[in-house]
Structures are given as structure tokens and as C-alpha cells.
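Residue numbers (the working numbering): 1 to 279.
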């Protein structure tokens, strides 16, 4: 009889533990979205170690700002339906090659690299979201005077020669081996160009809801993006050369709002997309 009671107690404890675990795994966020650990987004806080990046006030540097933002986003991510994997979670030296390799090995559904911007023109301000392009686009001016008439620059569908860009493998003559179109690592991102633009737009839509924070879409042949085999963007968080932006970079509440907006934007982009390798 005693053994029977012990077995019953063991079964009850097992069921309780199982239900508790299952319940926690499916906790819904305030947005009504379950945290899906299979939806991985790699976040790359730029600089680190000996590379301080841009100085914000002589004591706080780009490497500190972007790491703080990345850690904040990682904390918020489950409430937006995805999980974050960081290329660095402390003040560490990493080469660009290391970061790209780490990102691609994790097969993420998206990749975001954080930077702090700066301009020769101190009137330029705001957040810029970059997607990869072979050619440098004309950057939005983004000055206080032109705040009302900002224009976004999204990559077109044409190549440098004016013709339609193609990712198709060239056909081979009958009886011969196919001619493989091998791309350099710097152009791997081409295959994700359309999705990268969608990701950038989704993030911009949320940031643009924040008061007095200009945000534009840009494109450039950035080294951070070229070798990433997934939808990818670089987010330039404010311009340290602008007095108003410099204050924002040192304001924890504003940075928290930015992290929340990016979280919602990424969550919106990933909404409805199947998890990698999911049947």
C-alpha cells in the first residue's frame, strides 16, 4: 500500500512538473504572441574591445551604446515572438569575419547590426536603417530644416548596367557541365535583398511612431551585410555629431523606446513566417 502511494505521488509530481513547463513554454506576451525560440535573430553590436567606435561624450562610446541596446532587445525579444543570439554579450574583440561566420552558422531568420552614426554636418540627425546594395545610394539629408521632407532610398531592382538583376545560374550547352555562378562573399546578401527591404520597412514603421525621432531607409555596400545569408539590416542609432541625437544616446528611456520599437518591427516582420527547418 505504501509503495502504491509513493508511485501515485511520483506520477502526480511528474504531471505537475510537465504541465508547469508546458505552460511556461507557451506563455503569451503582452502583444499576445508566444515566445518562439525557433525564430532566431542574430544581433551584432558593432565594435568592442580595443575598438571603441565613435565617442559620444568622451566617456561613453559607440561600443557601449550598441551593446546596451542589443542586450535590451534580447530581453524584450520573447515578448515579440522571437529569440536573440548575440555575436558578443560583453566588451570583446571580434573581427568582421568572426561576426559573419557566427551569424551564418546560426541560420537566423534575420540579422541586425547596430552602429552609432556621425556626420560632417552637425545638422544631420536621426536613425538610418541600411540594406545592402552593390552601389552607394544617395543618403537622405535628414537635417532639421528638411525634417518634413525626408526621402527614403530603397534599392531598385536594376543592376549597375541598368538591366534587370538576375540570380539565375547560366545555362550550359548540351552534354557539358553547368556553368556555376559563384558570388564573392561580399555579395551573398543579394539573395536576401527583397526580404531585407521588408525587414527594414517593418522596423522603420515602428520607429516612426516614436515622437521626434526621424528614421529613413538607406542602402550601401556595407561590409557588415554583404556576407550575411539571411535578411539583414544595419541600424545606425542616431548621429553622435548632432547635439539633439547626442542627448538621446545618453537617455536610457529613449534607448529603451528604440529597443521596444525595433522588437515590435522585427516581430511584425517574422509574424507568419515558418521557423527554419520546420516541417
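Built from N, CA and C at the ideal position, the CB exists for glycine as well.
Give the DSSP-derived three-state secondary structure of residue i in the structure shown.
i           : result
residue 191 : helix
residue 92  : coil
residue 232 : strand
residue 101 : helix
residue 72  : helix
residue 155 : Residue placement at residue 155 is flagged as unreliable, the pLDDT there being 39, under the threshold of 50; a coordinate-derived value is accordingly withheld.
residue 210 : coil
residue 66  : helix
residue 56  : coil
residue 28  : Summary for residue 28: the model assigns pLDDT 34, below 50, so the residue's position carries little reliability; its value from the coordinates is reported in the next sentence. Note: residue 28 maps to strand in three-state DSSP.
residue 22  : Residue confidence is low: residue 22 scores 38 on pLDDT, short of 50, so the model does not pin down where it sits. No coordinate-derived value is stated.
Give me the residue from the options with the minimum Cα distance to residue i.
i           : options               : result
residue 134 : 52, 245 and 223       : 223
residue 207 : 229, 232, 227 and 254 : 254
residue 44  : 66, 229 and 211       : 66
residue 107 : 221, 38, 260 and 258  : 38
residue 50  : 109, 42, 94 and 88    : 94
residue 194 : 264, 132 and 215      : 132
residue 249 : 190, 217 and 213      : 213
residue 234 : 189, 124 and 210      : 189
residue 283 : 71, 90 and 46         : Within the shown structure, residues of the chain are numbered from 1 to 279, placing residue 283 beyond reach of any answer.
residue 130 : 215, 87, 191 and 64   : 215
Can you say whether residue i is buried or exposed, counting buried as having 16 or more other CB atoms within 10 angstroms of its CB?
i           : result
residue 92  : exposed
residue 246 : buried
residue 166 : The pLDDT assigned to residue 166 is 37, lower than 50, so where the model puts this residue is not dependable; a value taken from the coordinates is nonetheless given after this. When all chains shown are included, residue 166 counts as exposed.
residue 62  : buried
residue 57  : exposed
residue 59  : exposed
residue 55  : exposed
residue 243 : exposed
residue 252 : exposed
residue 90  : exposed
residue 274 : exposed
residue 262 : buried
residue 48  : buried
residue 209 : exposed
residue 211 : exposed
Based on the DSSP output, what are the partners of residue i in its beta bridges?
i           : result
residue 117 : 239
residue 220 : 132
residue 85  : 42
residue 48  : 51
residue 112 : 43 and 233
residue 215 : 127
When you measure from the CB of residue i to every non-hydrogen atom of the ligand ADP, does any distance come out below 8 Å?
i          : result
residue 79 : As far as ligands go, the structure on display features none, and thus does not contain the ligand ADP.
Is the stretch 74 to 87 touching the stretch 115 to 125 in the sense that three or more CB pairs, one from each, lie closer than 8 Å?
no
Inspect the CB distances between the stretch 194 to 201 and the stretch 79 to 95 and report whether three or more fall short of 8 Å.
no
Do the stretch 227 to 240 and the stretch 94 to 108 meet, that is, are 3 or more Cβ pairs less than 8 Å apart?
yes
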